[in-house]
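Participant: Take a look at this one; I'll ask things after.
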DNA sequence: TCAAAAGTGTTTCACGTACACCCATGC
DNA sequence: GCATGGGTGTACGTGAAACACTTTTGA
């Protein structure tokens, strides 16, 4: 058995669509490039894969650098292979999307970027490379996933209220959902637990605080748009 | 703007899960390897990506070589990156699955394999590399996809009967489906057209022949397991 | 005319949807 | 006590599931 002959392979990178939710808005993390190509343009964070490194490790490395964050929920999205997608040469991108709570992270541009910032997904600037395409697919996937699997909790604080979860769903799905039917579906799914505590401070009734049920049972749910 | 420095990149290959359906059985196409590693073991067909080649082109090349077939339905599945997945060195695999009609193709082993054959998905041999994992994910994806999107037709002849389509669904989903409710859901979806012809030969009532409606309208469907 | 399988229709029931009411809190 | 928003209950209708009957064909 002979090892691979060292013929040339395409460059291999991961690109990350990092979603954050705060102030009732869904946002994406973007970098402003310091160097060509696409100098001074906004792009998704990413990094080249190092030998012996797994996609997930590369993602974690980027998230740690840009966000100072560990233990982030992420999922592989799709692999992009258009030969013209990077003007520097052939480059394959394996895209992941991640869900974080912006309140818990401190973004920092690092040496490779002029700036790093959260953008509301409804007011995106033009993106370099094929990153608009990647972002569009990620948003589509997130919307689909959230309707049948409990990923929404990743975007909220550990304790959250039902109205907060409801607002999150309406924001991400960009639609209105009957709050009473929504409540029932979520409760019936057994994915969340009522802590008995209440969110204080509001000048009207104090809503119950829930937490995510990590040992998720069989019950699923289905939020219809 | 400088081009990529030529540091070493992992090898990049595509692996294909080719599904076929005939004689009321779902099958997968496997190759028997002529060389190490995994000599004389069964594996999924695949090929290394050539520079300037897209995943889809590599897949087509494999399908053309192994099956003498063009115009095959295929879809990207997932990318696999375990550093230990190939004993010859670091190799990334982008997996695709394809749906073909075995009646229309002539499989040939080619120079790289001892043999090539269809295996019933319920009686798979042990597979080399991480190909069992890839196969499992592909079957899961196919099962999920077929419940809401018209991919089943890719596995049948151009003209097919309702009982044939029904049998296909029961086989792939490995469950029984009420034939009358199934018929209604498919008809209501507008994905198929009654040609007016009938399948001759059977010694009982001759079923209507349908064809796939390529200009698919908005109506979807949902086959529940 | 009989068996086997395909085409068509109907009843039933569960779930999703729409909607109304009561409760808690701060001013 | 009043405005605001959160928690709970219920009637209704649509659509999926369960099921029966008729039709067509070859032997």
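Chains as they are written, first to last, in our numbering: chain A, 1177 to 1401; chain B, 1177 to 1401.
Note that the Cβ used here is the ideal one computed from N, Cα and C, for glycine as well.
Remember, it's a predicted structure, so these values are computed and weren't measured experimentally.
Along chain B, which residues have their Cβ under 8 Å away from the Cβ of residue 1399 of chain A?
Facilitator: Here the premise fails: no neighbours, minimum Cβ distance about 15 Å.
Participant: Beta-carbon of residue 1330 of chain A versus every beta-carbon of chain B: anything under 9 Å?
Facilitator: no
Participant: Given that residue 1231 of chain A touches chain B, what residues does it touch there, using C-beta distances under 9 Å?
Facilitator: For residue 1231 of chain A, the C-beta contacts it makes with chain B under 9 Å involve 1255, 1257, 1268, in order along the chain.
Participant: Once the 5 residues before and after residue 1282 of chain B are set aside, which same chain residues still bring their CB inside 6 Å of it?
Facilitator: 1244
Participant: Using a beta-carbon distance cut-off of less than 9 Å, what residues from the segment 1193-1217 of chain A approach chain B?
Facilitator: 1211, 1212, 1213, 1215
Participant: Less than 9 Å separating the beta-carbons of residue 1344 of chain B and residue 1332 of chain B?
Facilitator: yes
Participant: Any idea what DSSP makes of residue 1316 of chain B, helix, strand or coil?
Facilitator: helix
Participant: Examine the Cβ distances between the segment 1189-1198 of chain B and the segment 1284-1292 of chain B and report whether three or more of them are shorter than 8 Å.
Facilitator: At 8 Å Cβ cutoff, the stretches do not touch.
Participant: Which runs of the alpha helix (DSSP H) at least 4 residues long sit entirely within the segment 1324-1370 of chain A? Give them in chain order.
Facilitator: 1338-1349, 1355-1365, all fully within the segment 1324-1370 of chain A.
Participant: Between the beta-carbon of residue 1223 of chain B and the beta-carbon of residue 1190 of chain B, is there less than 9 Å?
Facilitator: If you check the CB distance, residue 1223 of chain B and residue 1190 of chain B come in under 9 Å.
Participant: What distance in whole Å lies between the Cβ atoms of residue 1203 of chain B and residue 1296 of chain B, which are believed to be in contact at a cut-off of 8 Å?
Facilitator: 6 Å
Participant: Ordered along the chain, which non-local residues of its own chain (more than five positions away) have a Cβ less than 7 Å from that of residue 1409 of chain A?
Facilitator: One cannot answer for residue 1409 of chain A here, as it falls past the ends of chain A, which runs 1177 to 1401.
Participant: Determine, for residue 1227 of chain A, whether the minimum Cβ-Cβ distance to residues of chain B falls below 9 Å.
Facilitator: yes
Participant: For residue 1251 of chain B, which residues from the same chain have a beta carbon less than 7 Å from its beta carbon, with the 5 sequence-adjacent residues on both sides left out?
Facilitator: 1272, 1273
Participant: Secondary structure at residue 1209 of chain B, three-state DSSP: helix, strand or coil?
Facilitator: Looking at residue 1209 of chain B - three-state DSSP - the assignment turns out to be strand.
Participant: Which one or two residues does DSSP pair with residue 1251 of chain A in a beta bridge?
Facilitator: A/1273
Participant: Are residue 1219 of chain A and residue 1328 of chain A close, meaning C-beta to C-beta below 9 Å?
Facilitator: no
Participant: Below 9 Å between beta carbons is the criterion; list the residues of the segment 1274-1303 of chain A that meet it against any residue of chain B, in chain order.
Facilitator: Answer set for the segment 1274-1303 of chain A: empty.
Participant: Chain B partners of residue 1320 of chain A, CB-CB under 7 Å?
Facilitator: Result: empty, since nearest Cβ-Cβ is about 11 Å, beyond 7 Å.
Participant: Would a check of beta-carbon distances place residue 1187 of chain A closer than 9 Å to chain B?
Facilitator: yes
Participant: On the CB-based measure, 16 or more other CB atoms within 10 Å of its CB, does residue 1370 of chain A come out buried or exposed?
Facilitator: exposed
Participant: Going by DSSP in three states, residue 1310 of chain A sits in which element: helix, strand or coil?
Facilitator: The three-state reading of DSSP puts residue 1310 of chain A in helix, counting H, G and I together.
Participant: Can you say whether residue 1174 of chain A is buried or exposed, counting buried as having 16 or more other CB atoms within 10 angstroms of its CB?
Facilitator: Any question about residue 1174 of chain A goes unanswered here, given that chain A covers just 1177 to 1401.
Participant: State yes or no: is the C-beta of residue 1337 of chain B within less than 9 Å of the C-beta of residue 1400 of chain B?
Facilitator: Contact check for residue 1337 of chain B against residue 1400 of chain B fails: the beta carbons are separated by 9 Å or more.
Participant: What residues are listed by DSSP as bridge partners for residue 1198 of chain A?
Facilitator: A/1201
Participant: Report all residues from its chain with a CB closer than 8 Å to the CB of residue 1278 of chain B; omit the five preceding and five following residues, and keep chain order.
Facilitator: 1196, 1197, 1198, 1203, 1294
Participant: Locate the beta strand (DSSP E) running through residue 1391 of chain A, then write down its first and last residues.
Facilitator: First-last for residue 1391 of chain A: undefined, no H or E at that position.
Participant: Round the Cβ separation of residue 1397 of chain B and residue 1365 of chain B to the nearest angstrom and send it over; I've been treating them as touching at under 8 Å.
Facilitator: 4 Å
Participant: Below 7 Å on C-beta distance, what does residue 1184 of chain B contact in chain A?
Facilitator: Ordered by position in chain A, the residues that pass the 7 Å Cβ test against residue 1184 of chain B are 1227.
Participant: Residues of chain A with CB under 8 Å from residue 1316 of chain B, in chain order?
Facilitator: Listed along chain A, no residue sits closer than 8 Å to residue 1316 of chain B by beta-carbon distance, the nearest being about 15 Å off.
Participant: For chain A, find out if any of its Cβ atoms is closer than 9 Å to the Cβ of residue 1252 of chain B; answer yes or no.
Facilitator: So, interface residue.
Participant: At the level of alpha carbons, what is the spacing between residue 1209 of chain B and residue 1292 of chain B?
Facilitator: 9 Å
Participant: Quick check on this structure: which residue in A/1330, A/1225, A/1205 has the alpha carbon closest to the alpha carbon of residue 1234 of chain A?
Facilitator: A/1225
Participant: Let's test the definition: count the other Cβ atoms within 10 Å of the Cβ of residue 1334 of chain A and tell me whether it reaches 16, buried, or not, exposed.
Facilitator: exposed
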